[in-house]
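Beneath this line is the structure, given in structure tokens, with notes to follow.
In our numbering, the protein residues as written are 305 to 807.
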């Protein structure tokens with residue numbers, strides 16, 4: 305068979321799901337895999353999940369006239385998710401990754417089921433999936449069951465705006481479609497897999513690429529505002545400890561600081577060393593970058609894997625195994641949460657550093673304090689978010705609660721890792737947004753000295769959206785504006801337009 309196009313987080317645009325939908329699917333893979341299942345149904349042998357029960361019920365043979373009912377029961381019995389709904393964007397990605405996995409040709413799914421899933425993705429019929437209920441053992445059973453319910457006319461879809469849900473049966477009727485009757489193996493092919501965990505991982509990690517660059521930029525605005533030293537970024541230091549991320553960050557810093565008059569103004573000052581939150585930017589940011597690179601590699605592998613059970617193979621074998629187990633994802637999603645939490649941790653320290661005042665900076669970064677609180681309180685928010693991240697960064701993957709009457713005696717808890725990662729990431733974005741408005745305010749006090757080229761570009765953009773403050777203001781709006789500059793990619797784009805692409 306022809307090789308399948310690979311899904312790669314770094315090569316996909318912002319709409320990962322749409323990119324997956326455009327991948328050319330080799331239908332012959334699906335048909336060949338299904339033919340193996342159909343042949344197995346006639347040979348009189350026992351095949352797990354095709355003509356047996358599931359989990360602890362694997363030793364119960366199911367009669368031929370009940371096989372379709374078995375698959376229907378599988379979906380409705382496993383759709384026991386609870387809690388708030390997974391965001392529509394992540395549910396869309398979850399559906400797209402399931403389609404891609406089924407298209408690899410190992411799952412034996414019916415072509416009619418595959419085509420229905422593809423129709424849903426292409427027509428923005430995105431299933432509404434409750435957030436909680438998976439232990440990441442046989443994959444994400446409950447979430448994937450909810451995702452698959454609309455195939456049989458059950459469950460709910462998101463509306464076009466992602467604000468409310470509509471019954472799947474009603475939506476299918478609007479589209480001129482009827483529920484599908486599942487064939488043997490279809491149900492398990494739909495719900496066995498790691499696509500919920502992988503969707504969260506892909507969604508967050510794809511955004512980490514931009515956020516890590518933004519963090520470098522914001523940190524160097526703080527460095528210039530503090531009148532920090534460029535010496536710790538000397539490439540010889542980093543070649544002596546050649547971690548890739550560390551070298552890349554140091555290179556970014558050097559590029560951002562080109563032509564800085566602020567650096568020149570204190571080249572011969574008496575300060576021997578800067579605090580770690582400035583001096584060790586390459587070491588800390590770089591370590592998180594290397595960690596995220598590893599996590600992306602693992603999730604890329606997972607996204608291009610068959611995580612169903614059992615799997616069919618070209619020679620006709622049907623083999624039951626454990627590719628559905630979420631351990632590879634659970635570990636790296638926990639790891640990614642720890643790596644990103646550290647980006648917020650060091651960012652908050654830089655914010656705090658700028659508020660102390662001295663060396664030309666007024667305390668709390670306003671000249672008239674007392675009547676004004678200045679930038680005191682946004683740092684409280686940053687501290688609260690960092691503290692929350694310390695709780696969320698505790699790894700879920702170190703836990704396991706046996707399920708399925710002991711058949712599933714070790715589970716990954718990767719679904720919990722996934723949910724926590726998204727919360728950590730959102731907190732990191734906010735902490736960096738707070739540093740952005742704080743560092744821009746502090747930098748204004750270095751006028752008329754010109755900062756480095758990258759800092760000039762970033763500061764110009766910031767001031768187009770966020771004013772310098774002379775008195776207390778409604779900080780929530782300012783933080784929201786800063787967050788938009790980060791999330792939209794405008795901050796990184798403005799700097800790269802001036803300095804060239806950052807690593």
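No residue lacks a Cβ here, since even glycine has one placed at the ideal position from N, Cα and C.
Counting only the same chain and skipping the five closest in sequence on each side, list residues whose C-beta sits under 8 Å from that of residue i.
i           : result
residue 792 : none
residue 420 : 455, 481, 484
residue 599 : 505, 509, 636, 637, 639, 640, 643
residue 802 : 757, 758, 760, 761
residue 626 : 613
Measuring alpha carbon to alpha carbon, tell me which of the options ends up nearest residue i.
i           : options            : result
residue 613 : 403, 498, 798      : 498
residue 310 : 601, 663, 747, 670 : 601
residue 379 : 656, 745, 450, 591 : 450
residue 647 : 594, 684, 661, 677 : 594
residue 338 : 493, 585, 566      : 493
residue 569 : 530, 340, 469, 441 : 530
residue 799 : 514, 395, 402      : 514
residue 558 : 794, 532, 452      : 532
residue 740 : 785, 628, 750      : 785
residue 747 : 502, 369, 608, 525 : 525
residue 517 : 394, 733, 453, 743 : 733
residue 537 : 547, 554, 522      : 554
residue 472 : 794, 766, 429      : 429
residue 645 : 476, 590, 701, 725 : 725
residue 586 : 754, 367, 523, 563 : 523
residue 425 : 546, 402, 385      : 402
residue 753 : 501, 565, 545, 366 : 565
residue 502 : 478, 332, 395, 696 : 395
residue 371 : 491, 467, 399, 584 : 491
residue 414 : 489, 617, 713      : 489
residue 467 : 476, 431, 616      : 431
residue 397 : 578, 776, 422, 797 : 422
Any idea if residue i is buried or exposed, counting beta-carbon neighbours within 10 angstroms, 16 or more meaning buried?
i           : result
residue 690 : buried
residue 418 : buried
residue 543 : exposed
residue 444 : buried
residue 621 : exposed
residue 387 : exposed
residue 258 : Outside the shown range of the chain, which is 305 to 807, sits residue 258, and nothing can be said about it.
residue 805 : exposed
residue 392 : buried
residue 461 : buried
residue 305 : Low local confidence applies: a pLDDT of 49 at residue 305 is under 50, so the model's placement there is unreliable, with the coordinate-based value given in what follows. Classification for residue 305: exposed.
residue 623 : exposed
residue 487 : buried
residue 780 : exposed
residue 653 : buried
residue 405 : buried
residue 721 : buried
Is residue i a contact residue of the ligand FAD, with contact defined as CB to any heavy atom under 8 Å?
i           : result
residue 366 : Questions concerning the ligand FAD fall outside what the structure shown contains, since it holds no ligand whatsoever.
Identify the continuous alpha helix (DSSP H) that holds residue i and give its terminal residues.
i           : result
residue 542 : 539 to 543
residue 685 : 680 to 696
residue 707 : Looking at the DSSP string, residue 707 is not in any alpha helix (DSSP H), and its letter there is neither H nor E.
residue 638 : 631 to 659
residue 777 : Run containing residue 777: none; DSSP gives neither H nor E here.
residue 584 : Premise fails: residue 584 is in no alpha helix (DSSP H) and is neither H nor E.
residue 611 : Residue 611 -> no alpha helix (DSSP H), and no H or E assigned at all.
residue 554 : 548 to 560
residue 665 : From DSSP, residue 665 is part of no alpha helix (DSSP H); its letter is neither H nor E.
residue 534 : Premise fails: residue 534 is in no alpha helix (DSSP H) and is neither H nor E.
residue 806 : Note, residue 806: premise wrong, no alpha helix (DSSP H); not H, not E.
residue 565 : 565 to 569
Going along the chain, which residues of its own chain have a beta-carbon closer than 6 Å to the beta-carbon of residue i, five neighbours each way excluded?
i           : result
residue 390 : 433, 435
residue 649 : 690
residue 438 : 444, 446, 447, 719
residue 470 : 461, 463
residue 407 : 329
Cutting at 7 Å between CB atoms, please list the residues of its own chain near residue i, excluding the five before and the five after it.
i           : result
residue 745 : 669, 679, 772, 773
residue 656 : 683
residue 313 : 506, 509, 510, 600, 603, 604
residue 769 : 785, 789
residue 703 : 717
residue 527 : 582
residue 817 : Given that the chain is displayed from residue 305 to residue 807, the structure contains no residue 817 and the question cannot be resolved.
residue 610 : 405, 408, 410, 411, 627
With a cut-off of 9 Å, does the C-beta of residue i fall near any C-beta of chain B?
i           : result
residue 531 : Among the chains in the structure shown there is no chain B, since it carries only a single protein chain.
Quiz item: At which residue ranges does the segment 439 to 525 contain complete alpha helix (DSSP H) runs of 4 or more residues, listed in the order of the chain?
Solution: 445 to 452, 472 to 478, 490 to 495
Practice problem: Entirely within the segment 345 to 433 and at least 4 residues each: give me those alpha helix (DSSP H) ranges in chain order. | Solution: 371 to 382, 392 to 406, 415 to 426, all fully within the segment 345 to 433.
Exercise. Tell me the start and end of each unbroken beta strand (DSSP E) in the segment 749 to 800 that is at least 3 residues and wholly inside, in chain order.
Key: none
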